[in-house]
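As they're listed, the protein sequences go chains A and B. Counting with our numbering, you get residues 203 to 405 for the letters of the first sequence. Counting with our numbering, you get residues 203 to 405 for the letters of the second sequence. Let me begin by presenting the structure, written as structure tokens, before commenting on it.
Number of protein chains: 2
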Amino acid sequence: MGSTDRRKRERENLQRAILDAARDLFVEQGFAAVSLRKIAERIEYSPTAIYLYFKDKNEILAALIGEGFELLCTQMHQIQIEDPVERLRQGARCYFAFTRNHPQYYALMFELCDEDFEKAFGPKPESGMQAFNFIRGAVTQAMASGEFRTDQPEIVVSHTIWAHIHGAAALALARRLTMLPEEHHAAFFESVAEASLRGFLVN
Amino acid sequence: MGSTDRRKRERENLQRAILDAARDLFVEQGFAAVSLRKIAERIEYSPTAIYLYFKDKNEILAALIGEGFELLCTQMHQIQIEDPVERLRQGARCYFAFTRNHPQYYALMFELCDEDFEKAFGPKPESGMQAFNFIRGAVTQAMASGEFRTDQPEIVVSHTIWAHIHGAAALALARRLTMLPEEHHAAFFESVAEASLRGFLVN
DNA sequence: ACTTTGAGTTAACAGTGTAAACTTAACGGT
DNA sequence: ACCGTTAAGTTTACACTGTTAACTCAAAGT
Numbered sequence: 203m204g205s206t207d208r209r210k211r212e213r214e215n216l217q218r219a220i221l222d223a224a225r226d227l228f229v230e231q232g233f234a235a236v237s238l239r240k241i242a243e244r245i246e247y248s249p250t251a252i253y254l255y256f257k258d259k260n261e262i263l264a265a266l267i268g269e270g271f272e273l274l275c276t277q278m279h280q281i282q283i284e285d286p287v288e289r290l291r292q293g294a295r296c297y298f299a300f301t302r303n304h305p306q307y308y309a310l311m312f313e314l315c316d317e318d319f320e321k322a323f324g325p326k327p328e329s330g331m332q333a334f335n336f337i338r339g340a341v342t343q344a345m346a347s348g349e350f351r352t353d354q355p356e357i358v359v360s361h362t363i364w365a366h367i368h369g370a371a372a373l374a375l376a377r378r379l380t381m382l383p384e385e386h387h388a389a390f391f392e393s394v395a396e397a398s399l400r401g402f403l404v405n
Numbered sequence: 203m204g205s206t207d208r209r210k211r212e213r214e215n216l217q218r219a220i221l222d223a224a225r226d227l228f229v230e231q232g233f234a235a236v237s238l239r240k241i242a243e244r245i246e247y248s249p250t251a252i253y254l255y256f257k258d259k260n261e262i263l264a265a266l267i268g269e270g271f272e273l274l275c276t277q278m279h280q281i282q283i284e285d286p287v288e289r290l291r292q293g294a295r296c297y298f299a300f301t302r303n304h305p306q307y308y309a310l311m312f313e314l315c316d317e318d319f320e321k322a323f324g325p326k327p328e329s330g331m332q333a334f335n336f337i338r339g340a341v342t343q344a345m346a347s348g349e350f351r352t353d354q355p356e357i358v359v360s361h362t363i364w365a366h367i368h369g370a371a372a373l374a375l376a377r378r379l380t381m382l383p384e385e386h387h388a389a390f391f392e393s394v395a396e397a398s399l400r401g402f403l404v405n
């Protein structure tokens, strides 16, 4: 036939258009300030047409969050370094680069209330946890190879490192680094990447 | 007279009642989900009465944020330990205790958009920065006494420590610690407090 | 006793998310 | 070539939001 194929393709195109418009508007004006009517106007459809593709406003947010995590995971997985410690360093840099290059996604991904979070991760939690598993894998390996101390459980060490990296990203995103002169920004992120590991290295 | 005094007192009482009702509702339902009408209903006044006491909804949020920082500062200032490193450790514990005991305030204080932030800190920025200055003071002292290495600027070290502590608090608040078994929670926070410092200690 | 003041209310507006009813065009089977 | 069905989209409507303007009314000052 091909005609049903075309319909399906058109459906997916519109869904994509909604997501693109929503993402751009969220970036420009923030999630709360964007109404379905604004999205509808941008894609030149009636507001209620969106409900044929998404259950409600939160669901389109959840879809964008999913995309954000996939994007982050893709970039993380491009890191192929044998040494686990160096891999962690590079992972932190990758994480920071993501928050710098896609602040819009990061804001959506980590400034959410619980319901939205579950909506985003209920269907595919594996994607959201892969960034964290990146850390866990490296920590496990570093402990096995003797580069990391083993006086604390791996899960605690992994969470500690994650907290450090996430904290720096969160402060930067919330524009809480106004006390830090611009010329020290790079040194700060490098310091975070290093300090998050140094406490766990042997000697 | 006394009568004008009573009027003034009544004014302040109602303002307090608005703030209390708003805080409780924000805790229960989140900032976005609370309408002025709900607040008004709880204090048994008409919705527009609130506008006689606050310019708009954001201003009542800003007022609560200010209260939150004052509360945090009060608790921080009760720490009177000479040794700067031990003071930092205790400060981190105090910070975590605050997020545990007043998650409602912490959420308001650190999940805000920029305009709200400026509204909250425009009038009194000193209060908001005092928690950070607590860190700076201790780091400066630790560098002077030789307990901390001095191969990085104090401002970078202070931010790094802040990022670590804030990151742990933010993860806990966003309920991102589901991978961490309950029995490891205390160890995690202690690990964060320790790891945030260990990278900067001499030998 | 009269005016002024200020606290509070009612009514209204523009904008929100969302559901239900309606339209319209394209498809599959006869 | 027609017809019924189905899917896509629109119009209309509702209950709710933050906020402004106009109004009421009791107390205070003179």
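Where a beta carbon is used, it is the ideal one built from N, C-alpha and C, also for glycine. This structure is a prediction, so every number in the text was calculated from the model and none was measured.
Comparing alpha carbon positions, the residue from B:VAL394, B:ILE241, B:GLU384 and B:LEU263 closest to TYR308 of chain B is B:LEU263. Counted as a single uninterrupted DSSP element, the stretch harbouring GLU349 of chain B is not any alpha helix (DSSP H), since DSSP gives it neither H nor E. Separation of VAL404 of chain B and GLY348 of chain B (C-alpha to C-alpha, rounded to the nearest whole angstrom) is 8 Å. With contact defined as three or more Cβ pairs closer than 8 Å, the stretch 394–404 of chain B and the stretch 388–405 of chain A are in contact. Under the Cβ distance rule, PRO355 of chain B counts among the residues neighbouring chain A, one pair being separated by less than 8 Å.
Nearest to GLY293 of chain A by C-alpha distance, out of A:HIS387, A:PHE228, A:GLU384 and A:HIS366, is A:HIS366. In this model, PRO355 of chain A and GLN231 of chain A are separated by some 43 Å (Cα to Cα). Taken in chain order, the members of the stretch 362–373 of chain B whose beta-carbon sits within less than 9 Å of a beta-carbon on chain A are THR362, ILE363, TRP364, ALA365, HIS366, ILE367, HIS368, GLY369, ALA370, ALA371, ALA372 and LEU373.
Annotated as proximal: PHE300 of chain B and LEU274 of chain B, with beta-carbon spacing under 8 Å. Buried is the label assigned to PRO286 of chain A, since at least 16 other Cβ atoms lie within 10 Å of its Cβ.
Collapsing the DSSP output to three states places LEU403 of chain A in a strand. Rounded to the nearest angstrom, the gap between the Cα atoms of LYS240 of chain A and GLY270 of chain A is 22 Å. Counted as a single uninterrupted DSSP element, the alpha helix (DSSP H) harbouring PRO305 of chain A occupies residues 305–312. A distance of 8 Å or more separates the beta carbons of GLY339 of chain A and HIS368 of chain B. Residue contact with chain B for GLY401 of chain A: present (Cβ-Cβ distance below 8 Å to some residue of chain B).
Scanning its chain for C-beta atoms nearer than 7 Å, with the 5 sequence neighbours on each side dropped, one finds no residue around ASP226 of chain B. For ILE363 of chain A, the number of other beta carbons within 10 angstroms of its own is at least 16, and it is reported as buried. Annotation for PHE391 of chain B: PHE298 place their beta carbon closer than 6 Å to its own, counting only its chain and skipping 5 residues before and after. Counting only Cβ-Cβ distances below 9 Å, ALA294 of chain B has no contacts in chain A at all, with the closest Cβ about 11 Å away.
Residues of chain A whose Cβ lies closer than 7 Å to the Cβ of SER237 of chain B do not exist; the shortest such Cβ separation is about 14 Å. For VAL359 of chain B, the enclosing alpha helix (DSSP H) begins and ends at 356–375. The DSSP assignment places 238–245, 259–278, 286–303 and 305–312 as complete runs of the alpha helix (DSSP H) inside the stretch 237–312 of chain A, in order along the chain (cut-off: 4 residues). For the set B:ALA242, B:ILE337, B:ILE245 and B:LEU310, the Cα lying nearest the Cα of HIS279 of chain B is the one of B:ILE337. With a threshold of 8 Å between beta carbons, PHE300 of chain A makes no contact with chain B. Straight-line spacing of the CA atoms in PHE312 of chain A and SER248 of chain B works out to 36 Å.
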